[in-house]
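Right, one structure below, let's go through it.
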Amino acid sequence: MSVKVWIAGGGVISGIGMNLQENLQAFKDMRTGMTTMQYLQSVHHETFPVAEVKADNDTLADMALMPENTSRTALLSLIAAREAWKSTGLGDISRYRVGFVSANTVGGMDKTEDFFNSFLANPQGGRLQQVLHHECGAVTELVADAMGIRHHISTISTACSSAANALMYGARLIRNNIVDIVIAGGTDSLTRFTLNGFNTLMILDQQPCRPFDDTRTGLNLGEGAGYVVLVSDSLLAHIQPWARLSGFANANDAYHQTASSPDGTGNYLAMKGALEMAGLTPEDIGYINLHGTGTQNNDVSEGIAINRLFAPHFPAMSSTKSFTGHTLGASGGIEAVYAALALKEGIIYPNARFQHQMKELPFTPATAFSAGNDLKHVMSNSFGFGGNCSSLVFSKE
Amino acid sequence: MNIYINGTGCISPQETAQIGPLFSTLKEYDQVRLQTVDPDYKQWIDLKQIRRMSRVVKMGVGAANLSMEEAGIKMPDAIITGTAYGCLDDTGVFLNKMVSQEEQMLTPTAFIQSTHNTVGGQIALLLGCNAYNNTFVHRGFSFENTLLDATMILREGEAKYVLAGGLDEITNYSHQILSRFGLYKKAPVKTMELLKSPDRGTIAGEGAAFFVLSPEKGTHTVAELAGISTMYKPLWEGEVIGEVVKFLEEHAVTLEDIDLIVTGRNGDIAQDEIYEEVAAALFPDHPEACFKHLCGEYPTAMAFGTWMANKIIAEQDVPDAAMFYGTAPAKIKNVLVYNHHQGTHHSLILLKAC
Chain A
1 MSVKVWIAGG GVISGIGMNL QENLQAFKDM RTGMTTMQYL QSVHHETFPV
51 AEVKADNDTL ADMALMPENT SRTALLSLIA AREAWKSTGL GDISRYRVGF
101 VSANTVGGMD KTEDFFNSFL ANPQGGRLQQ VLHHECGAVT ELVADAMGIR
151 HHISTISTAC SSAANALMYG ARLIRNNIVD IVIAGGTDSL TRFTLNGFNT
201 LMILDQQPCR PFDDTRTGLN LGEGAGYVVL VSDSLLAHIQ PWARLSGFAN
251 ANDAYHQTAS SPDGTGNYLA MKGALEMAGL TPEDIGYINL HGTGTQNNDV
301 SEGIAINRLF APHFPAMSST KSFTGHTLGA SGGIEAVYAA LALKEGIIYP
351 NARFQHQMKE LPFTPATAFS AGNDLKHVMS NSFGFGGNCS SLVFSKE
Chain B
1 MNIYINGTGC ISPQETAQIG PLFSTLKEYD QVRLQTVDPD YKQWIDLKQI
51 RRMSRVVKMG VGAANLSMEE AGIKMPDAII TGTAYGCLDD TGVFLNKMVS
101 QEEQMLTPTA FIQSTHNTVG GQIALLLGCN AYNNTFVHRG FSFENTLLDA
151 TMILREGEAK YVLAGGLDEI TNYSHQILSR FGLYKKAPVK TMELLKSPDR
201 GTIAGEGAAF FVLSPEKGTH TVAELAGIST MYKPLWEGEV IGEVVKFLEE
251 HAVTLEDIDL IVTGRNGDIA QDEIYEEVAA ALFPDHPEAC FKHLCGEYPT
301 AMAFGTWMAN KIIAEQDVPD AAMFYGTAPA KIKNVLVYNH HQGTHHSLIL
351 LKAC
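Line by line, the protein sequences give chains A and B. full-length UniProt numbering applies: residue 1 is where the first sequence begins, and numbers increase by one. full-length UniProt numbering applies: residue 1 is where the second sequence begins, and numbers increase by one.
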C-alpha cells in the first residue's frame with residue numbers, strides 16, 4: 001500500500017576516511033580510526049583515544065567550500081551530503097522536490113564552547129559569530145542553503161539514535177508525497193562538551209573499544225557525517241538503487257535517562273517493529289549492523305534483545321563503531337550508508353578487536369571483512385540516551 | 001483521515017495551566033523577558049524528581065499531562081516533542097563548569113539532562129511508555145515538524161493517540177546572548193502595547209504546549225487539525241501569499257470560509273510587515289487575533305498560538321486581550337494560524353471546528 005522508498009546513494013566522512021570509498025578500504029585493511037586526539041583541544045587528550053576525522057577545520061572548509069570559521073559539524077555534514085547526492089547521478093538538485101533531514105546532538109557546540117571562555121569572564125565578551133550557528137537546526141540550514149534545498153528541512157535530535165530517526169521521518173515525507181527525495185542522515189563533530197559529558201558517565205574506554213567482547217570497558221567517541229539519499233518509487237527509473245528502506249521502527253526503553261534496560265525492551269521492540277513493517281521474519285536478515293558501542297550495559301542489552309528475537313537463527317553481525325568510534329548523532333546515518341552498501345556489494349563488515357565471547361550471549365560478531373555475500377535484508381540498530389531506540393531494515397529489492 | 005485535537009495542555013507566561021475561560025486572569029507584563037507561570041508540578045511528578053528537573057522538563061511534563069487529562073487517556077501511542085533550543089539550562093550548567101573547572105571534577109547530572117530528547121525521554125519514563133518517541137529540533141519548524149510527523153503516523157493507522165508538543169525555555173545565558181543579537185526591545189514594553197510599538201525588537205518568551213491528536217473524536221474535542229505547512233526562507237512576500245492560497249486550496253477552504261486569522265505578530269515593525277502584506281492581499285476584512293504579546297517570541301511559540309486557536313474554537317469567542325483587528329464572528333469554524341520566526345521560518349496551521 002505505501003510507496004516504496006529506495007536508497008539511491010550515500011556519502012560518509014568519518015575517522016576511517018574522507019569519503020565512502022576510503023571507509024570501505026579501511027574495513028578491508030582492518031584499519032581502525034582511533035588515535036590520540038590531534039584536532040580537539042582538551043585536557044584529556046592523552047587519556048582517551050578518539051576517532052577523529054583526519055583533517056583540521058581549514059582543510060575541511062576547503063573541501064566543503066565554506067568559510068573556515070564554520071562549525072566543524074556543518075563542514076562534515078556538507079562534505080558527506082554532497083558525496084551522497086553526487087553518488088545518485090540525479091544531477092541538478094533544483095529539478096526535484098528535495099528534503100534535507102539531518103540529525104545532530106550538539107549543533108555548533110564546537111564554536112559555542114570556545115565562545116564561553118570569553119563570555120563567562122564578561123557577558124559582553126566572545127564573538128557572536130561563534131554562537132550564530134549554535135542551534136542544531138542552524139547547522140542543518142548551513143548545509144541545506146549550500147546545496148540549494150528548500151522544499152523541506154528538518155533536524156532531529158534523539159541522542160545516539162538521531163540519524164536513524166531522520167531516515168524514518170524522511171521515508172514518511174516521501175510516502176506522504178511531501179517531497180520525492182530526502183537526503184537523510186546525521187552529523188556530529190567531537191566537542192569538549194561531549195567528551196567531558198561521556199567521561200562523567202564513566203563509559204569512555206582509555207583503550208581502543210571492544211564492542212561485544214566480554215572484556216569491553218566502554219566506548220570511544222568518534223565524529224563524522226553520513227547521509228543516504230531516499231528516493232520515491234516514482235523516480236525509480238532515474239536511479240540505480242543500492243537498496244530499499246523496507247522497514248523501520250522506533251520504540252522507547254522507558255527505563256532510565258541514559259542506561260539501557262537489562263532485558264533490552266526498547267531494543268527488542270524497535271527490531272521487532274522494523275521487521276514487521278518490512279514483512280520479514282528474523283531468519284530473513286543476513287546481517288545486523290549493531291549499535292554496539294562497547295559499554296558494558298549497551299552491548300548486553302542489545303545482545304539479549306537480539307537473542308530473544310533471533311534465536312536460533314543468528315545472522316552475521318558486527319559493530320562498525322569498533323572502527324569509527326561512536327559518532328553519536330551521525331552514527332545512524334553513517335551506519336545506514338554502510339548497510340545500504342552491504343546489500344549493494346554483499347559486504348559483511350568486521351568487528352575489530354573481538355576476542356572473547358560475551359558470557360551472556362550464544363553468538364559472536366563477524367571479525368573479518370567479506371564481500372560478495374548473498375544478502376537480501378540487513379538491519380541497522382541505533383539505541384541511545386532518553387531510552388530512544390530505533391532499528392532500520394534495508395532490503396535488496 | 002480527519003485528525004482531531006482531543007486534549008491540550010499549555011504552560012506559558014499566562015495562567016494557561018488553570019481551568020477557566022481563556023485569559024480570564026490576564027497577566028500583564030512590562031518587561032522584555034517573560035517567564036512561565038508555573039503550576040504545582042507535584043500533581044504529576046514526585047518531589048525528589050522535581051528538584052532535579054530543569055524548568056523546560058517540568059513544563060513539558062506538565063503540559064503533556066494536562067493534554068492527556070483533557071483527552072482522557074493514560075498512555076499515548078507516540079510521543080513527539082519539538083524544541084529549538086533544547087535543555088538550555090542544563091547545557092549552560094555543564095558548559096559553565098566545564099570551562100571554569102578546566103574539564104576537571106565534573107558531575108554527570110547536567111550533561112545527562114542536557115540532551116535535546118530529555119523532555120520526550122522523561123515523559124516516556126514517567127508514563128512507562130515504550131511507544132514511538134522522537135524529538136525535532138529545527139528552529140522555527142520544531143513544533144510544526146512534530147505535528148507533521150504525528151499526522152503522518154496517525155495516517156498509517158496503527159497509532160490511536162499521539163502526544164505532540166512544542167516547548168522552549170529562556171535562561172540567563174540564552175537571554176544575554178540573544179539580547180546581544182538585538183532581538184529584543186531596548187526598553188520594557190507593556191503587554192497590551194507591544195503590537196502597536198513603533199520600533200524594532202520584540203519580547204522574549206517561553207512555554208510548552210502539548211496536544212493529544214487522534215483519528216477519533218474524544219469527549220472534549222472541539223477542533224480538527226486540518227492542515228499544516230511550512231515555508232523555508234521565502235524569497236518575497238508574494239511567495240508567502242501564494243503558499244497561503246495553495247494551502248487553503250489543498251484543504252478545500254476558500255478565503256471566505258476563514259472566520260478568523262491568528263497571526264504571530266511580535267511587535268517588531270520589520271518582522272510584522274509580512275503579516276500586514278498577507279492580510280492586505282488575502283484577508284483585508286477578516287478579524288485577526290494575535291498571541292506573541294501574551295507568550296513572548298520564541299521558536300516554538302506557534303505551539304502556544306495553536307493552543308490558543310483551539311481554545312477560541314472551544315469558547316466560540318476571542319478574548320479582548322487576543323483580538324488585534326475587527327470583531328470575531330458569531331460562529332468561529334475555520335481558523336488559520338500564520339506565524340513566522342525571524343522572517344525565515346513561516347508556517348500555516350488550519351483548525352476546523354467539529
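Each residue gets a CB set at the ideal place from its N, CA and C atoms; glycine is no exception.
Among the CB atoms of chain A, none fall inside 9 Å of the CB of B/Ala208. Taking all protein chains shown into account, A/Leu128 has fewer than 16 neighbouring C-beta atoms within 10 Å of its C-beta and is therefore exposed. Look at the stretch 126-144 of chain B: the residues with a C-beta under 7 Å from a C-beta of chain A are Gly128, Cys129, Asn130, Ala131, Tyr132, Asn133, Asn134, Thr135, Phe136, Val137, His138, Arg139 and Phe141. Just measuring C-alpha positions, the residue of A/Phe354, A/Val228 and A/His134 sitting nearest A/Asn165 is A/Val228. The C-beta separation of B/Thr230 from B/Phe141 comes to about 5 Å, placing the pair in contact by the 8 Å criterion. Rounded to whole angstroms, the Cβ separation of A/Val393 and A/Leu280 is 7 Å, and the two are in contact under 8 Å.
With a 10 Å radius around the Cβ and a threshold of 16 neighbouring Cβ atoms, A/His238 comes out exposed.
Its chain contains Arg216, Thr217, Gly294, Ser322, Arg353, Phe354 and Gln355 as the residues whose beta carbon lies nearer than 8 Å to that of A/Arg210, once the 5 sequence neighbours on both sides are disregarded; these appear in chain order. A straight line joining the alpha-carbon of B/Ile73 with that of A/Glu302 spans about 31 Å.
For B/Glu224, no alpha helix (DSSP H) segment is defined; the enclosing uninterrupted segment is the beta strand (DSSP E) at Ala223 to Tyr232.
In terms of Cα proximity to A/Asn19, the closest of A/Ala259, A/Arg82, A/Ala163 and A/Thr70 is A/Arg82. For B/Trp44, no alpha helix (DSSP H) segment is defined, and its DSSP state is neither H nor E. Residues of chain A whose Cβ lies closer than 9 Å to the Cβ of B/Leu106 are, in chain order, Asn196, Gly197, Asn199 and Thr200. For the pair A/Phe248 and A/Met277, the CB atoms are nearer than the 9 Å cut-off. Residue contact with chain B for A/Tyr169: present (Cβ-Cβ distance below 9 Å to some residue of chain B). Between B/Ser67 and B/Val212, the gap from beta carbon to beta carbon is short of 9 Å. Linking A/Asn23 to A/Gly222 through their CA atoms gives a straight-line distance of about 14 Å.
By the criterion of at least three beta-carbon pairs nearer than 8 Å, the stretch 79-96 of chain B is in contact with the stretch 154-167 of chain B. By the Cβ criterion, the stretch 273-293 of chain B is in contact with the stretch 319-338 of chain B, since at least three pairs of Cβ atoms, one from each stretch, lie closer than 8 Å. In summary, A/Leu328 is buried, with 16 or more beta-carbon neighbours lying within 10 Å of its beta-carbon over all protein chains present.
Between the C-alpha atoms of B/Gly128 and B/Asp46 there is a straight-line separation of about 15 Å.
Secondary structure within the stretch 135-200 of chain A: the beta strand (DSSP E) runs of 3 or more consecutive residues, fully enclosed, are 152-156 and 181-188 (chain order).
Taking C-beta atoms under 8 Å as the contact rule, B/Gln122 and B/Val61 qualify, at a distance of about 6 Å.
With a beta-carbon spacing of about 17 Å, B/Gln14 and B/Val32 fall beyond the 8 Å limit used to define contacts. Positions of the beta strand (DSSP E) runs, each at least 3 residues long and wholly inside the stretch 288-361 of chain A, are given as 316-318 in order along the chain. Inclusion of B/Val318 and B/Thr263 in the CB contact set at 9 Å is not warranted, their separation being larger than that value. For A/Asn176, the residues of chain B that pass the 9 Å Cβ criterion are Leu148, Thr151, Met152 and Arg155, in the order they occur in the chain. Taken through DSSP and simplified to helix, strand or coil, B/Cys290 comes out as strand.
In the three-state reduction of the DSSP assignment, A/Trp6 falls in the strand class, which pools E and B. For B/Ala187, the closest alpha carbon among the candidates B/Gly92, B/Gly267, B/Ser54 and B/Phe94 is that of B/Gly267. Secondary structure remark: continuous alpha helix (DSSP H) runs of at least 4 residues inside the stretch 31-94 of chain A, in chain order: 57-64 and 72-88.
Residue pairing by DSSP places B/Asn133 opposite B/Ile79 in a beta bridge. If you draw a straight line from the Cα of A/Gly15 to the Cα of A/Asn351, it is about 16 Å long. In this structure, DSSP gives A/Phe369 a state outside helix and strand, which the three-state scheme calls coil. Counting only Cβ-Cβ distances below 8 Å, B/Phe247 has no contacts in chain A at all, with the closest Cβ about 13 Å away.
If you draw a 10 Å sphere on the C-beta of A/His313, you find fewer than 16 other C-beta atoms in it, and that means exposed.
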